[in-house]
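Reading through the structure tokens given below for one structure.
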């Protein structure tokens, strides 16, 4: 496994900071193949592609930029279907021995939650508000999704938050398959810090989504499970999960060429169970300026930074 040779990917950006009216952003969940930088080659010498899920054809999904006081509407479309429009099976072993979405018709249930957002209940992505492709089956608390957009009031202070799947009983599997992305909320105070050069702006403001994964010898996602049992599928609920390959923004052990200047890194621990103790080499210290609730009252000089998982484990 090559380390520190893959360039760090930067997810595309949907700039909704000037959003107004009821025009909605469309975010489409689908299955595709992506080079995760595993160092494997096919018979023709091309990088082996891994089958993943994502939003708008990428994993992680696009980074959404929003502004405090400017509400945003988002359509979250479940299109986990094949080329003929038939519902796909799950990429990973679904444990039916636990309480889960269990749709009446074929198809993978999804529902997107804005993690850290101050959101109305109908748009919160509650675990039982799931729906299969084209909303053929719906959970008992389904209110919005597909043609009825979610509403995000964006009434909180600037913060680095994120969106991810939240479907009942398979949150861990859907996020593991790739359903996650950044949602960056800004406000006038933070913008003032950028204008006065006290905070770096793009392209020196970079999100780092850190996740651990396991892969098969063929370069496909692997999730541990017990042998299949009649009526319960393949039991795969685990008290903890730890992968042996670290992905950052969907690339294995990447590297970023930096300039001798200040950078702002927005750190997201998108792993299932793993904590990370982050530090810089050669005695360089970090300055922590925020948590997932927004900016701190004052910067804190850190020699190392311990970050815990932010995944929606409560929905398995």
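In our numbering, the protein residues as written are 2 to 317.
Idealized CB from N, CA, C, for every residue including glycine.
Given the structure is predicted, the values throughout are model-derived calculations rather than measurements.
Proximity below 8 Å, CB of residue i to CB of residue j
i           : j           : result
residue 151 : residue 79  : no
residue 163 : residue 7   : no
residue 169 : residue 235 : no
residue 51  : residue 212 : no
residue 207 : residue 264 : yes
residue 25  : residue 71  : no
residue 307 : residue 267 : no
residue 154 : residue 119 : yes
residue 188 : residue 64  : no
residue 289 : residue 303 : yes
residue 14  : residue 66  : yes
residue 39  : residue 216 : yes
residue 194 : residue 157 : no
residue 271 : residue 311 : yes
residue 124 : residue 145 : yes
residue 167 : residue 128 : yes
residue 30  : residue 81  : yes
residue 5   : residue 256 : yes
residue 97  : residue 285 : no
CB-CB length for residue i against residue j, believed under 8 Å
i           : j           : result
residue 33  : residue 58  : 6 Å
residue 249 : residue 9   : 6 Å
residue 238 : residue 99  : 5 Å
residue 130 : residue 111 : 10 Å between Cβ atoms; not a contact.
residue 56  : residue 35  : Contact doesn't hold; Cβ gap of about 13 Å is too wide.
residue 159 : residue 117 : Incorrect: roughly 12 Å between the Cβ atoms, too far for contact.
residue 246 : residue 2   : 6 Å
residue 205 : residue 262 : 7 Å
Bridge partner(s) assigned by DSSP for residue i
i           : result
residue 210 : 269
residue 111 : 132
residue 83  : None, per the DSSP bridge assignment.
residue 67  : 186
residue 1   : A query on residue 1 cannot be resolved here, the shown segment of the chain reaching from 2 to 317 and no further.
residue 77  : 28
residue 8   : 256
residue 3   : DSSP, once it has assigned bridges, lists no residue as partnering residue 3.
residue 319 : Because the chain spans 2 through 317 in this model, residue 319 falls outside it and cannot be assessed.
residue 91  : Partner(s): none; residue 91 has no beta bridge.
residue 116 : 163
residue 125 : Answer is none; residue 125 lacks a bridge partner.
residue 146 : 149
residue 59  : 56
C-beta neighbour in chain B for residue i, strict 8 Å
i           : result
residue 241 : The structure shown contains no chain B, having only a single protein chain.
Item to check | Contiguous beta strand (DSSP E) assignments of at least 3 residues, all confined to the segment 151 to 197 | outcome: Segments of the beta strand (DSSP E) lying fully in the segment 151 to 197: 151 to 153, 160 to 166, 181 to 187.
Next on the checklist: For the pair the segment 135 to 143 and the segment 99 to 109, tell me if three or more CB-CB distances fall below 8 Å.
Outcome noted: Contact holds: three or more Cβ-Cβ distances are below 8 Å.
Checklist entry - Hey, which unbroken runs of the beta strand (DSSP E) at 3 residues or more fall wholly within the segment 12 to 57? => result You should have 14 to 16, 25 to 35, 51 to 56.
Checklist entry - Three or more beta-carbon pairs under 8 Å between the segment 93 to 102 and the segment 171 to 180, yes or no? => result Taking 8 Å as the limit for Cβ pairs, the verdict is that the segment 171 to 180 does touch the segment 93 to 102.
Checklist entry - Is the segment 237 to 247 touching the segment 182 to 192, taking contact as three or more C-beta pairs under 8 Å? => result No, the segment 237 to 247 is not in contact with the segment 182 to 192.
Checklist entry - Which runs of the beta strand (DSSP E) spanning at least 3 residues fall entirely within the segment 237 to 316, listed in chain order? => result Taking only runs of at least 3 residues, the beta strand (DSSP E) segments lying wholly in the segment 237 to 316 are 246 to 249, 265 to 270, 277 to 279, 287 to 292, 295 to 303, 306 to 308.
Checklist entry - Would the segment 222 to 229 and the segment 195 to 206 be scored as touching if the rule is three or more Cβ pairs under 8 Å? => result As far as the Cβ criterion goes, the segment 222 to 229 does not touch the segment 195 to 206, which means the pair count is below three.
Next on the checklist: With three or more beta-carbon pairs closer than 8 Å as the criterion, would you say the segment 288 to 295 touches the segment 42 to 49?
Outcome noted: Short answer: they don't touch.
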